[in-house]
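Numbering (our numbering), first residue to last: 68 to 134.
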């Protein structure tokens, strides 16, 4: 496996994990905050989704630089 292929596989795995945490955060906002009325769950979801979105943006910047 070449260095570039390994880097792309690693970045793909990181992107998949970050996308999952973004969805998990959104779930907390919608279900925990919206349906169950738990503001702490909603705050947690917003923080988790925001951090995940920043991470995905960072991966996109890295991807553009290596192309």
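A virtual CB, placed ideally from N, CA and C, is assigned to each residue, including glycine.
Please read all numbers here as calculations on a predicted model, not as lab measurements.
Inset, instruction - Can you tell me which of 91, 79, 98 puts its alpha carbon nearest to the alpha carbon of residue 119? - result: 91
Inset, instruction - Closer than 8 Å by C-beta to residue 183: which residues in its own chain qualify, once you throw out the five before and the five after it? Chain order, please. - result: Not covered by the structure: residue 183. The range shown for the chain is 68 to 134.
Inset, instruction - Give the straight-line distance between the Cα atoms of residue 83 and residue 89, rounded to the nearest whole angstrom. - result: 10 Å
Inset, instruction - Return the chain-ordered list of same chain residues with a C-beta closer than 8 Å to the C-beta of residue 74, the five sequence neighbours on each side being excluded. - result: 133
Legend entry - Candidates 86, 110, 103, 105: closest to residue 125 by CA position: 86
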